[in-house]
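**Q** FYI, the numbering for the sequence shown is 188 to 250, going by the numbering used here.
Right, I'll just put the structure down here and ask away after.
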Amino acid sequence: MVEKIRNTVTLTKSYNDALDELVRRGVYIEKQDAIRCALRTLFEKHKMDPFIPAEGITRNPLN
């Protein structure tokens, strides 16, 4: 199972309204789905795989 960590983000009203509209149109089921999709796009743009730790960084400091 993938470890999950809760984050809090403050958005402008226009960003929040746009996310609500995407959900209203049925593009996404929930706002968090749209945000995850945006993060995947950001990681792809920067040629990052968030499931592979960066060099020199380990997920578990005991390993």
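Glycine included, C-beta positions come from ideal geometry on N, C-alpha and C.
Computed from a predicted model, the values in this text were never measured in an experiment.
1) Which of the three DSSP states, helix, strand or coil, is assigned to V210?
2) Tell me whether the beta-carbon of A221 lies closer than 9 angstroms to the beta-carbon of L209.
3) Where does F230 fall in DSSP's three states?
4) If I measure Cβ to Cβ from L131 and keep anything under 8 angstroms in the same chain, skipping five residues before and after, which residues do I get?
**A** Here's the rundown:
1) The residue labelled residue 210 in the question sits at position 23 within the sequence shown. The answer is helix: DSSP assigns V210 an H, G or I state.
2) Mapped onto the sequence shown, residue 221 falls at position 34. Mapped onto the sequence shown, residue 209 falls at position 22. The answer is yes: Cβ separation under 9 angstroms.
3) As a first step, residue 230 must be located in the sequence shown, where it is residue number 43. Here F230 sits in helix by DSSP.
4) Residue 131 lies beyond the range of the chain shown here (188 to 250); nothing can be said about it.
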